[in-house]
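**Student:**
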Amino acid sequence: MKGIVFTEFLDLVEEKFGLMTLDEIIEKSDLPSGGSYTAVGTYEFQEMLQLVTNLSAVTGVSVDDLLMTYGEHFFKVLEKSYPHFLEQYQDPLGLLSSIESHIHVEVRKIYPDAELPKFEVLDLTESTLVMMYRSSRALYKFGLGLMHSTFAYFGEKAEIEAEKIEEDGSVVKFSIHKI
Amino acid sequence: MSDQEIAVLKRALQRERLARKKAESILEQKASELYDTSQELKKSNLALQSLLREKSSELKGVFENLVDAYVVMDLFGNVVKMNEAAEDLLGFRMEEEEVNLMSMAHPSEVDRVIQAFDKLMKEDSVANFEVRIKTLRGESKTVHINASLIRDEQHKPIAAQGIVRDITELMQLQKQKEELLESLGRSNEELSDYAHVVSHDLKSPLRSIDALVTWILDDNKETLDETTLANFDLIKQTLEKMEQLISGILEYASATSMDQKMLAVNVSDLIHGSIQMLHVPPGIQIEVDSGLPQVMCHPTKIQQVFQNLIGNAIKYMDSDAGQIHVGYQERDSHHEFFVKDNGPGIGQEHHQTVFKVFQSVSPKSSSSGVGLSIVKKVIEFHGGKVWLESVPDKGATFFFTLKKDL
Ligand code: HEM
Numbered sequence: 259m260k261g262i263v264f265t266e267f268l269d270l271v272e273e274k275f276g277l278m279t280l281d282e283i284i285e286k287s288d289l290p291s292g293g294s295y296t297a298v299g300t301y302e303f304q305e306m307l308q309l310v311t312n313l314s315a316v317t318g319v320s321v322d323d324l325l326m327t328y329g330e331h332f333f334k335v336l337e338k339s340y341p342h343f344l345e346q347y348q349d350p351l352g353l354l355s356s357i358e359s360h361i362h363v364e365v366r367k368i369y370p371d372a373e374l375p376k377f378e379v380l381d382l383t384e385s386t387l388v389m390m391y392r393s394s395r396a397l398y399k400f401g402l403g404l405m406h407s408t409f410a411y412f413g414e415k416a417e418i419e420a421e422k423i424e425e426d427g428s429v430v431k432f433s434i435h436k437i
Numbered sequence: 081m082s083d084q085e086i087a088v089l090k091r092a093l094q095r096e097r098l099a100r101k102k103a104e105s106i107l108e109q110k111a112s113e114l115y116d117t118s119q120e121l122k123k124s125n126l127a128l129q130s131l132l133r134e135k136s137s138e139l140k141g142v143f144e145n146l147v148d149a150y151v152v153m154d155l156f157g158n159v160v161k162m163n164e165a166a167e168d169l170l171g172f173r174m175e176e177e178e179v180n181l182m183s184m185a186h187p188s189e190v191d192r193v194i195q196a197f198d199k200l201m202k203e204d205s206v207a208n209f210e211v212r213i214k215t216l217r218g219e220s221k222t223v224h225i226n227a228s229l230i231r232d233e234q235h236k237p238i239a240a241q242g243i244v245r246d247i248t249e250l251m252q253l254q255k256q257k258e259e260l261l262e263s264l265g266r267s268n269e270e271l272s273d274y275a276h277v278v279s280h281d282l283k284s285p286l287r288s289i290d291a292l293v294t295w296i297l298d299d300n301k302e303t304l305d306e307t308t309l310a311n312f313d314l315i316k317q318t319l320e321k322m323e324q325l326i327s328g329i330l331e332y333a334s335a336t337s338m339d340q341k342m343l344a345v346n347v348s349d350l351i352h353g354s355i356q357m358l359h360v361p362p363g364i365q366i367e368v369d370s371g372l373p374q375v376m377c378h379p380t381k382i383q384q385v386f387q388n389l390i391g392n393a394i395k396y397m398d399s400d401a402g403q404i405h406v407g408y409q410e411r412d413s414h415h416e417f418f419v420k421d422n423g424p425g426i427g428q429e430h431h432q433t434v435f436k437v438f439q440s441v442s443p444k445s446s447s448s449g450v451g452l453s454i455v456k457k458v459i460e461f462h463g464g465k466v467w468l469e470s471v472p473d474k475g476a477t478f479f480f481t482l483k484k485d486l
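Going down the list, the protein sequences come from chains A and B. Per the working numbering, the very first residue in the first sequence carries number 259; after that it's consecutive. Per the working numbering, the very first residue in the second sequence carries number 81; after that it's consecutive.
1) Note down, in chain order, each residue of its chain lying with its Cβ closer than 6 Å to the Cβ of residue 472 of chain A, except the 5 sequence neighbours on either side.
2) Does the beta-carbon of residue 395 of chain A, which I'm using as the reference point, lie nearer than 7 Å to any heavy atom of ligand 3?
3) Just list the beta strand (DSSP E) runs in the stretch 354–393 of chain A, keeping only unbroken ones of 3 residues or longer that don't cross its boundaries, in chain order.
4) Cβ closer than 8 Å: which chain A residues qualify as neighbours of residue 194 of chain B?
5) Short of 7 Å in beta carbon distance, which residues of its chain neighbour residue 283 of chain B, apart from the five on each side in sequence? Order them along the chain.
6) Verify the contact flag: residue 361 of chain A, CB atom, against every heavy atom of ligand 1, threshold strictly below 7 Å.
7) Does at least one heavy atom of ligand 1 sit under 7 Å from the Cβ of residue 107 of chain B?
8) Nearest to residue 271 of chain B by CA position, among B:242, B:233 and B:331, is which residue?
9) Taking three-plus beta-carbon pairs below 8 Å as touching, is the stretch 395–414 of chain B in contact with the stretch 352–370 of chain B?
10) By the criterion of Cβ-Cβ separation under 7 Å, what are the contact partners of residue 278 of chain A in chain B?
11) With a CB to CB cut of under 7 Å and the five nearest residues on each side skipped, what residues in its chain are close to residue 301 of chain A?
12) Check whether the Cβ atoms of residue 393 of chain A and residue 375 of chain A lie closer than 8 Å to each other.
13) Does residue 298 of chain A get closer than 8 Å to chain B when you measure Cβ to Cβ?
14) Counting only beta-carbon separations shorter than 8 Å, does residue 295 of chain A have a partner in chain B?
15) Taking Cβ-Cβ distances shorter than 7 Å, what residues in chain A pair up with residue 92 of chain B?
16) For a test of the three-state rule: what should DSSP assign to residue 291 of chain B, helix, strand or coil?
17) I need the straight-line Cα distance from residue 136 of chain B to residue 117 of chain B, nearest angstrom please.
18) At the level of alpha carbons, what is the spacing between residue 481 of chain B and residue 214 of chain B?
19) Compute the Euclidean distance between the alpha carbons of residue 140 of chain B and residue 171 of chain B, then round it to the nearest angstrom.
20) Is DSSP giving residue 269 of chain A helix, strand or coil here?
21) Report back the beta-carbon spacing between residue 380 of chain A and residue 389 of chain A to the nearest angstrom; my notes put them in contact at under 8 Å.
22) Apply the 10 Å Cβ neighbour rule to residue 408 of chain A and answer buried if 16 or more other Cβ atoms are within range, or exposed otherwise.
23) Does the beta-carbon distance from residue 355 of chain A to residue 435 of chain A come in below 8 Å?
24) Does the Cβ of residue 369 of chain A lie closer than 7 Å to at least one heavy atom of ligand 1?
25) Touch check for the stretch 81–90 of chain B and the stretch 416–433 of chain A: three-plus C-beta pairs under 8 Å?
26) Residues of the stretch 161–179 of chain B in Cβ contact with chain A at a cutoff of 8 Å, in chain order, please.
27) Please report the distance separating the alpha-carbon of residue 279 of chain A from that of residue 123 of chain B.
28) Check distances from the C-beta atoms of the stretch 319–340 of chain A to those of chain B and list, in chain order, the residues that come in under 8 Å.
29) Less than 8 Å between the CB atoms is what I'm expecting for residue 181 of chain B and residue 153 of chain B, so what's the real figure, rounded?
30) Helix, strand or coil: which one does DSSP assign to residue 426 of chain B?
31) Between the Cα of residue 332 of chain A and the Cα atoms of A:412, A:416, A:320 and A:269, which residue gives the shortest distance?
32) What number of angstroms, rounded off, separates the C-alpha of residue 412 of chain B from the C-alpha of residue 353 of chain B?
33) Who are the Cβ neighbours of residue 222 of chain B in its own chain at under 6 Å, not counting the five residues just before and after it?
34) What do you reckon, is the C-beta of residue 237 of chain B under 7 Å from a heavy atom of ligand 1?
35) I believe residue 479 of chain B touches residue 456 of chain B by the beta-carbon criterion, under 8 Å. Please report the beta-carbon distance rounded to the nearest angstrom.
36) Who are the neighbours of residue 292 of chain A on chain B, taking C-beta pairs under 8 Å?
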């Protein structure tokens, strides 16, 4: 997993819960990196999993909610670091339906070792988008957060339904309705 | 600050420090990767540049060494590039003058040049366009042009190129040739007219002499002795021979007069036609091959040739079982015919001379001595050759050819 996902996560934890909590979850986790991350590095996904799980244990907030919040936050990072990717789109459905065919394709060119999910567009109309999410990391809640922010970015609203096809969340069907 | 807080801060500081080091080493590594990549790029860039230079100098060489004039124009007909041959031909240098196609057209050809340029724009190319131009030095020239449009990658026309060849001299030669042919035709006609006049003028004194001789004979029948009478007879024969010679000249002169058209005719018809005109004595057999071709020729002239050759074979036949064989053999560019007999044959020393005017081999008086010379003239007129092969006492074979594509 790319270092930026860790550094942004740790910053957010420190901001929301304080340095003590941040130190606590790092100390509780068994991290090969020692909890020391740089945005330009690459680390094991396992570390992120431990950090989130321990944060949930310490704060009592569910892992799912944490991931979604982080997704919502992470969009701001994308907005700041990759504005030209987003500027190419006029509406949220156009952007979301292009993650697989364009955005993540470009991401892979910059970071050949990026671990990206698969998004398969099942249906696309003026106001709806149905996509299948697939990833062994089961970060669909993180994706859901990103989607919410995508609509906010365009000043629009949506109802997003996430239906787990696999119990572990590695395959999830997103049904997005613009409202 | 509590000890615990201090410990947490210390740890955080430590993590940040480590992260910074990690980041620095990653950046260090990326920087050196970038350096390597840029070095490689530089190298391949250099290689590409030298390749480009090589190719463009190669092209330049082709362009400059082209013997023919090569001109590139923009889409408005302005000359934008030309090689040395073009500078020589058109009489100006690119660096010194701006020249448009239209200013080079000969005033009388402006319309044709406009049409050709339109065609080039519409149809992409113009081939074998011959036009008169006026060079900037003021000379008039005739040139032959092949031109085509140059298009860019999007297939949009961007320029036109043309190969220009100076055919001024060629055209002059062509014209000279035509004039020469015409005057030749004229003098040929004059000659034949002259032959008619001369033969007529020569024959009338002959006839007068003949008449006078007859009168002298009639008036002095009783007084003349045997020898004188015999001499008078010789005079009469000689006069006759003389008349034949004069007729021969006329025949020879008009042998190739052009008052007849070339036609595709069946040779076997010509041969049978000529045999019908001849008196074939009972002791002589004439065999004509079947499967003779159709040829382009002047029919009556070629019939005359067969009549002459077969006639000669009959005339000189000394065998009681005379055999004359008329045959054919196909050659690459020619038809080859032959007339073979089993007559007395012709000695090697006469093989060339028989075809000359008045060179009769035989002392027989019925020969005017022009027959074979007419044959030769007609055959040569048809782009062919005539020759003979002979074994004395065994017979002779006359061969002749006719060109296929006449
Ligand atoms: C400018 C737009 C975007 C950029 C540059 C971008 C880039 C990235 C990067 C760098 C990662 C991390 C890969 C790794 O850690 O190895 C990632 C992961 C992810 N991205 Fe994007 N992304 C963009 C937009 C989106 C959007 C709009 C979605 C909405 C669903 C999305 C969904 C995800 C998910 C779910 C992951 C987590 C990996 C996983 O599930 O396996 N991305 N993206």
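No residue lacks a Cβ here, since even glycine has one placed at the ideal position from N, Cα and C.
**Tutor:** Short version:
1) Residue 472 of chain A lies beyond the residue range present for chain A, which begins at 259 and ends at 437; the question has no answer from this structure.
2) Of the ligands one can find in the structure shown, namely ligand 1, none is ligand 3.
3) 376–382 and 386–392
4) Residues of chain A passing the Cβ test: none, with the nearest at roughly 50 Å.
5) 323 and 326
6) yes
7) no
8) B:331
9) Three or more pairs of CB atoms, one per stretch, sit closer than 8 Å, so the stretch 395–414 of chain B contacts the stretch 352–370 of chain B.
10) 88
11) 259, 261, 264, 291 and 295
12) yes
13) Output row for residue 298 of chain A: interface = yes.
14) yes
15) 277 and 281
16) Helix at residue 291 of chain B.
17) 28 Å
18) 49 Å
19) 21 Å
20) helix
21) That belief holds up - the Cβ atoms of residue 380 of chain A and residue 389 of chain A are roughly 6 Å apart, short of 8 Å.
22) buried
23) no
24) yes
25) Result no; under three Cβ-Cβ pairs closer than 8 Å.
26) none
27) Whole-angstrom Cα-Cα distance: 53 Å.
28) none
29) Going by Cβ atoms, the distance from residue 181 of chain B to residue 153 of chain B rounds to 6 Å, so yes, they are a contact pair.
30) Coil at residue 426 of chain B, not helix or strand.
31) A:269
32) 27 Å
33) Taking C-beta separations shorter than 6 Å and ignoring five residues to either side along the sequence, the partners of residue 222 of chain B in its chain run 212, 247, 248 and 251, following chain order.
34) no
35) Residue 479 of chain B to residue 456 of chain B, Cβ: 12 Å. No contact.
36) 95 and 98
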